[in-house]
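> Those protein sequence lines, which keep their order, are chains A and B.
Position one of the first sequence corresponds to residue 464 (this note's numbering), numbered consecutively onward.
Position one of the second sequence corresponds to residue 464 (this note's numbering), numbered consecutively onward.
Beta carbons are placed, not taken as given, at the ideal position from N, Cα and C, and that holds for glycine.
There are 2 protein chains.
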Amino acid sequence: MVAGECKRESGRLISLIQNLTHTHSMAAAATTLRLLKPLSSAASPLLAPFNNPTINRSVAPLLLFSSAAVSRHHRRFCTVVSASVSSGEATKAEPIELEKGAKIREFRRKLKIVDIKGGVDEGLNRLGETLVVRGWVRTLRAQSSVTFIEVNDGSCLSSMQCVMSSDAEGYDQVESGVISTGASVWIQGTIVASQGSKQKVELKVDKLVTVGTSDPSFPIQKKRVSREFLRTKAHLRPRTNTFGAVSRVRNALAYATHKFFQENGFVWLSSPIITASDCEGAGEQFCVTTLVPNTSEPAHSPVKAIPATKDGSIDWSKDFFGKPAFLTVSGQLNAETYATALTDVYTFGPTFRAENSNTSRHLAEFWMIEPELAFADLEDDMACATAYLQYVVKYILENCKEDMDFFNTWIEKGIIDRLSDVVEKKVVQLTYTDAIELLLKAKKKFEFPVTWGCDLQSEHERYITEQAFGGCPVIVRDYPKAIKAFYMRQNDDGRTVAAMDMLVPRIGELIGGSQREERLDYLEQRLDDLKLNKESYWWYLDLRRYGSVPHAGFGLGFERLVQFATGVDNIRDAIPFPRAPGSADF
Amino acid sequence: MVAGECKRESGRLISLIQNLTHTHSMAAAATTLRLLKPLSSAASPLLAPFNNPTINRSVAPLLLFSSAAVSRHHRRFCTVVSASVSSGEATKAEPIELEKGAKIREFRRKLKIVDIKGGVDEGLNRLGETLVVRGWVRTLRAQSSVTFIEVNDGSCLSSMQCVMSSDAEGYDQVESGVISTGASVWIQGTIVASQGSKQKVELKVDKLVTVGTSDPSFPIQKKRVSREFLRTKAHLRPRTNTFGAVSRVRNALAYATHKFFQENGFVWLSSPIITASDCEGAGEQFCVTTLVPNTSEPAHSPVKAIPATKDGSIDWSKDFFGKPAFLTVSGQLNAETYATALTDVYTFGPTFRAENSNTSRHLAEFWMIEPELAFADLEDDMACATAYLQYVVKYILENCKEDMDFFNTWIEKGIIDRLSDVVEKKVVQLTYTDAIELLLKAKKKFEFPVTWGCDLQSEHERYITEQAFGGCPVIVRDYPKAIKAFYMRQNDDGRTVAAMDMLVPRIGELIGGSQREERLDYLEQRLDDLKLNKESYWWYLDLRRYGSVPHAGFGLGFERLVQFATGVDNIRDAIPFPRAPGSADF
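Okay, structure coming up:
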């Protein structure tokens, strides 16, 4: 019955394929994608056999039958299959019963290449199955008797090797050159054991349909292109091996982050992005405003159109928020308000720095994870940071094996060992004072001199984690008060605060945290010392007026974590659309 | 052994408690929270027995023993327990071994009230257990022989009823009035069956420690306060029943969102927040700039300090991104770039509208979920939206029962039935044309007249879902081209597009989606018709040049979903820190 259905489809597709071989123009390709006149009643049974990962030949007819029974006026899957079919079914459709409405198609997880090849037996369990692969052509290689087409759908690094002989339907599209790198295809075939050594199985093509051709100008051809170049093609770079793998690992790290905190009873909190709160201190913030002429055409933005007061200042009362507003640099202070109500919370959202540093380590827009724990001290904070890091690293080692192997081979040799160390080796801690002592005793010459009170430089951090502790992540704690933020809890020595930085090999500082000053009088004193405006911290101080509790938290730049986990050098390759000075396209 | 440890702690805490009863000043309370001089080696075994949800009296001594064996120089848990202890252990600590570093405490899920009372037997399985509760006092009620203290830690709606007789340690703090609503406490006691009807178990207090007192000005006293008032106390409102429950349900909806998409093979994508891309069309966007004097002190922001060109226009070349940049209004176009590489993706991040509408339905900053499916048409899109909504609603009905009961009783009667309908009843679809016909036939008089081509108003949407389909969610599809966005796929009738809106009772439109125009020539024609600048869409058009595929997606405003799921009237109560015209505090 499946075979019968497929045959009928094939018939309908012939005109489509013929169209394609006659002309390569976009317009013609577009015609092939025309949607059927939409039917009011439109559950499609045909998708089922191709879409269900568990289906195989023996059960397909049954499923098809039961789906067909659900709806009499079914419609072919999507434009690809239904294209150019002037079906009689549309006209046969009964008038819809208004008081009942029509059904919604059942949603099913799409069958993807990872579902076929990603299991332990790499697809051997599917030998003999007929199925459909949809994706983009990576390479096309014609040999005397057969043509090899590598199709990738982004679900995993591996492409599906599709082997097509000249008698398969749609072979004319291969012959005529309609199909090239970058084209999108719909291929139906049978899973067979592969002759090649690169994969266990391949797809013997029964039928190929070109969904969308690829203009010869497609910038990502087989030859390797630089990552610098790919940054100018941020809309196409996820179609490469490297950026596909980074995207999947980034996704896995994000999901593992949520899993870790949810499993441990933390509540996710969206901290605000725009803030008119004065707490964050200006300087490196972006201003958010509706006062400047709101157009992207430079000619239409006269300075004099900006509302001004009599003394020539910007009239902020006319702005959207009635005062200057900025993009947040951290959600921590907001997270503290929720931690002192819900006990354990975390943020995971974008933060911003208008820092004019065009380096491979800085982004103007980046995602931060900021957990905040109530009834917790610095020890709890370090324990949480350590457990978190080990959890997410373990998660990607277990769930992104193929991508991690790719990074290990092509991006950073040894990265899997380095990450395994993080999971298996103990994270150790030492005080800043001890770290300084250790650096002073070190035989290594440092560029930046080491004295108590100095901020640790990258070279110092890397020496500590890479040399002194042989690759273990190290937490340095109890930093001098003078080099840390106002909200960090003062230690009893009066000169250090309960801060901690986690240092990891190759990256240096990955996580920074602290116990927060929960004592109202200490906090007010600190604000005074730093000449900060106490009034603007009224709500933050309130947390110390009403049921103050010891609490602690940390922040982790998500793109740093992605770099750490994938080995990509430049942080702009760790986020889909990087923002940096002079660069906010796409 | 636990009992012995507790006794020793008690001794140490006596001076703390005495301090507190002598004075109510904040300074004194602060003193009680002073941290021990930090030790370099600081794994704390004491936390373990109180922190482990599975512990009970019989296993506690063993655990304590094994923890103690881990580290010789242990430190008391946090400030609460270690306060005012001038421990000899600090001086006894051996010098740390620099080459080894000290250990990090093991991270454990904190024992919370939900862990005690949240199970099926509501705590009866813990009868006789000695444990510690940490949280904030909701109410304190003294009776002749005992005092009832309701302690809430935000892990669930329920507070722990703590029953304290006059012979319990720390009773003097109750007597002297140190403890009041809003104070934070650390209470150790034994789980006993409750005499009251409101709960199955309560905590018989052995010992109470005030962690932080609450100033009498604490604005959230027992008397009910309005939600308008609470918006001015956004930093404290999560300590109320309503906002605690909203926070937990919001968290559950967010996590269920990730779970749904991850389980179905979608990749989470962070779409950019700042964008200089011209695609989004100006008008209701916020400008992001570093050109305006970057200070929150209005006096220091002269208009003339803004860089200008000779003709008096703002000199955008001097801005951070070298041209005007804006806050994103949607991540969809970016999501399309990743969908056409990874097949199925979703965004979940903040988006912005500088719309000057001060209503209960609009926010200037809100979170959006935008899935995008490649090789998919409008049918698939509707199927995905339906499955998604049913999944997340089912998730909160199953996982947030107590909070949902609270909403059902106090916020919106019948909300549980309404949500159960969404999960159980079929979602139906009908075309816009049929919807218009249905509305024209309706006996109801509408305020806004109905004609083909008009945008559906809230009254129409609610009539369709609430009356015509008796409470079923309804998807209306195939809207007139003229009232929908440029990227929506044109239907063959030439006058409608493959758009869909999901309407739900009480809210109206919850989800809006469409199949995207994947045909280059159609898309270019549409841009021309609408006089949009084709050049600025170069990368979006590229997706149609290189392996174009039918694709579809939808957008869902997360705060609308939170409103739908909790019944809160005003969208400003569905997000922790709402941003609206004139309002961006905290």
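Under the three-state reduction of DSSP, which class applies to S977 of chain B: helix, strand or coil?
For this step, residue 977 of chain B is matched to residue 514 along the second sequence. DSSP places S977 of chain B in the strand class (E or B) of the three-state scheme.
> Since I believe V614 of chain A is in contact with V648 of chain A (beta carbons under 8 angstroms), could you give me their beta-carbon distance rounded to a whole number of angstroms?
Along the first sequence, read from residue 1 onward, the residue named residue 648 of chain A stands at position 185. Along the first sequence, read from residue 1 onward, the residue named residue 614 of chain A stands at position 151. With a Cβ gap of about 6 angstroms, V648 of chain A and V614 of chain A count as contacting.
> Within 8 angstroms: the Cβ of R589 of chain B and any heavy atom of the ligand ADP?
In the structure shown, the ligand ADP is absent, as is every other ligand, since no ligand is present at all.
> Runs of 4 residues minimum, wholly inside the stretch 601–685 of chain B: which ones carry the alpha helix (DSSP H) assignment?
634–638
> By a C-beta neighbour count over all protein chains shown, 10 Å radius and 16 as the cutoff for buried, is F815 of chain A buried or exposed?
Counted from its first residue, the first sequence places residue 815 of chain A at position 352. F815 of chain A comes out buried.
> Going along the chain, which unbroken runs of the alpha helix (DSSP H) with 4 or more residues stay wholly within the stretch 853–891 of chain A?
Unbroken alpha helix (DSSP H) runs of no fewer than 4 residues, entirely contained in the stretch 853–891 of chain A, are found at 864–869, 878–887, following chain order.
> Any beta carbon of chain B sitting closer than 9 angstroms to that of I567 of chain A?
Walking along the first sequence from the start, residue 567 of chain A turns up at place 104. I567 of chain A counts as touching chain B.
> Using the beta-carbon count (16 or more within 10 Å), is G640 of chain A buried or exposed?
Position 177 of the first sequence, counting from 1, holds the residue named residue 640 of chain A. Under this definition G640 of chain A is an exposed residue.
> Whose C-alpha, out of A:R601, A:D964, A:I736, is nearest the C-alpha of T676 of chain A?
By 1-based counting over the first sequence, the position of residue 676 of chain A is 213. When only C-alpha atoms are compared, the closest one is A:R601.
> Starting from T738 of chain A, find everything on chain B with Cβ-Cβ shorter than 9 angstroms and list it in chain order.
Locating residue 738 of chain A in the first sequence gives position 275, counting from the first residue. For the C-beta of T738 of chain A, the chain B residues within less than 9 angstroms are, from N- to C-terminus, F1040, R1042, A1047, D1048, F1049.
> Counting only beta-carbon separations shorter than 9 angstroms, does C863 of chain B have a partner in chain A?
Residue 863 of chain B sits at position 400 when you count from the first residue of the second sequence. Judged by the 9 angstroms Cβ criterion, C863 of chain B is not in contact with chain A.
> Contact criterion: CB-CB distance below 9 angstroms. Does I974 of chain A meet it with respect to chain B?
Numbered from 1 along the first sequence, position 511 holds the residue referred to as residue 974 of chain A. No, because no Cβ of chain B sits closer than 9 angstroms to the Cβ of I974 of chain A.
> Of all the options A:A1015, A:D964, A:D955, A:A631, which has the alpha carbon lying nearest to the alpha carbon of V937 of chain A?
Indexing the first sequence from 1 puts residue 937 of chain A at position 474. The option with the nearest alpha carbon to V937 of chain A is A:D964.
> Rounding to the nearest angstrom, what Cα-Cα distance links N1033 of chain A and T800 of chain A in this structure?
The count along the first sequence starts at 1 and reaches residue 1033 of chain A at position 570. The count along the first sequence starts at 1 and reaches residue 800 of chain A at position 337. Cα to Cα, N1033 of chain A sits roughly 35 angstroms from T800 of chain A.
> As a quick exercise: from A:Q953, A:G1030, A:K888, pick the residue whose alpha carbon is nearest that of A443 of chain B.
Nothing about residue 443 of chain B can be read from this structure; chain B reaches only from 464 to 1049.
> If you run the structure through DSSP and keep just helix, strand and coil, what is S710 of chain A?
On the first sequence, residue 710 of chain A is found 247 positions in, with the first residue counted as 1. In the structure shown, S710 of chain A sits in a helix (DSSP, three-state: H, G or I).
> Quick check on S793 of chain B: does DSSP put it in helix, strand or coil?
Within the second sequence, numbered from 1, the residue matching residue 793 of chain B stands at position 330. S793 of chain B: coil per DSSP, three-state reduction.
> Please compile the residues from chain A whose C-beta is within a distance smaller than 9 angstroms of the C-beta of L620 of chain B.
One-based indexing of the second sequence puts residue 620 of chain B at position 157. Near L620 of chain B there are no residues of chain A at all, since even the closest Cβ is about 12 angstroms away, more than 9 angstroms.
> So is F1017 of chain A in contact with chain B if we call contact Cβ pairs under 9 angstroms?
Here the question's residue 1017 of chain A lines up with position 554 in the first sequence. It does not; no Cβ of chain B falls within 9 angstroms.
> Checking 9 angstroms against the spacing of the C-beta atoms, do G617 of chain B and P701 of chain B come in under that value?
Numbered from 1 along the second sequence, position 154 holds the residue referred to as residue 617 of chain B. Numbered from 1 along the second sequence, position 238 holds the residue referred to as residue 701 of chain B. Note that the C-beta distance between G617 of chain B and P701 of chain B is below 9 angstroms.
> Count the other C-beta atoms from every protein chain shown that fall within 10 angstroms of the C-beta of Q658 of chain A, then say buried if there are 16 or more, exposed otherwise.
As a position in the first sequence, residue 658 of chain A is number 195, starting the count at 1. Exposed: under 16 other Cβ atoms inside 10 Å.
> From the beta carbon of P756 of chain B, is the nearest beta carbon of chain A less than 9 angstroms away?
Start at 1 with the first residue of the second sequence, and residue 756 of chain B comes out as number 293. So, interface residue.
> For L699 of chain B, tell me which candidate among B:S680, B:R713, B:N714 has the shortest Cα-Cα distance.
In the second sequence, residue 699 of chain B corresponds to position 236, counting from 1. The shortest Cα separation from L699 of chain B among B:S680, B:R713, B:N714 belongs to B:S680.
> If you count every other CB in all the chains shown that lies within 10 Å of the CB of D763 of chain A, and 16 or more means buried, which is it?
Here residue 763 of chain A refers to the residue found at position 300 of the first sequence. First, the residue type needs correcting, since residue 763 of chain A is His and not Asp in the sequence shown. Exposed: under 16 other Cβ atoms inside 10 Å.
> Quick one: give me the first and last residue of the beta strand (DSSP E) that H923 of chain B is part of.
Position 460 of the second sequence, counted from the start, is the residue given in the question as residue 923 of chain B. No beta strand (DSSP E) holds H923 of chain B; the alpha helix (DSSP H) holding it covers 921–925.
> List, in chain order, every chain B residue whose beta-carbon is nearer than 8 angstroms to that of M845 of chain A.
Taking the first residue of the first sequence as 1, we reach residue 845 of chain A at position 382. Result: I567, R568.
> Are R952 of chain B and E981 of chain B touching if we call contact CB-CB under 9 angstroms?
As a position in the second sequence, residue 952 of chain B is number 489, starting the count at 1. As a position in the second sequence, residue 981 of chain B is number 518, starting the count at 1. Closer than 9 angstroms, so yes.
> With 9 angstroms as the threshold, decide whether the Cβ of N821 of chain A is near any Cβ in chain B.
For the purposes of this step, residue 821 of chain A is identified with residue 358 of the first sequence, where counting begins at 1. It does not: the Cβ of N821 of chain A has no partner Cβ on chain B nearer than 9 angstroms.
> V730 of chain A: which of A:L603, A:L805, A:L902 sits nearest, CA to CA?
Numbered from 1 along the first sequence, position 267 holds the residue referred to as residue 730 of chain A. Selected option, being the one with the closest Cα: A:L805.
> State the Cα-Cα distance for the pair S780 of chain A and E922 of chain B, rounded to the nearest angstrom.
Reading the first sequence from its first residue, position 317 is the one you call residue 780 of chain A. Reading the second sequence from its first residue, position 459 is the one you call residue 922 of chain B. Computed Cα separation, rounded: 36 angstroms.
> Which whole runs of the alpha helix (DSSP H) in the stretch 895–941 of chain B are 4 residues long or more, in chain order?
Segments of the alpha helix (DSSP H) lying fully in the stretch 895–941 of chain B: 895–904, 921–925.
> Going straight from the alpha carbon of S504 of chain B to that of T1029 of chain B, what length do you get?
Along the second sequence, one-based indexing puts residue 504 of chain B at 41. Along the second sequence, one-based indexing puts residue 1029 of chain B at 566. Residue confidence for S504 of chain B is low, a pLDDT of 33 falling below 50, so the modelled location carries little weight and cannot support an answer.
> Would you call K670 of chain B buried or exposed, if buried means 16 or more other Cβ atoms sit within 10 Å of its Cβ?
In the second sequence, counting from the first residue as 1, residue 670 of chain B sits at position 207. Classification for K670 of chain B: buried.
> Using only the alpha-carbon positions, how far apart do A848 of chain B and A802 of chain B sit?
Here residue 848 of chain B refers to the residue found at position 385 of the second sequence. Here residue 802 of chain B refers to the residue found at position 339 of the second sequence. Taking the straight line from one Cα to the other gives about 16 angstroms.
> Contact check, A837 of chain B vs V1012 of chain B under 8 angstroms by CB: the rounded distance?
Indexing the second sequence from 1 puts residue 837 of chain B at position 374. Indexing the second sequence from 1 puts residue 1012 of chain B at position 549. Correct: roughly 5 angstroms between the Cβ atoms.
> Could you name the residues of the stretch 720–737 of chain A whose beta carbon sits closer than 8 angstroms to any beta carbon of chain B, in the order they occur along the chain?
Correct list: H721, Q725, E726, N727, G728, V730, W731, L732, S733, S734, P735, I736, I737.
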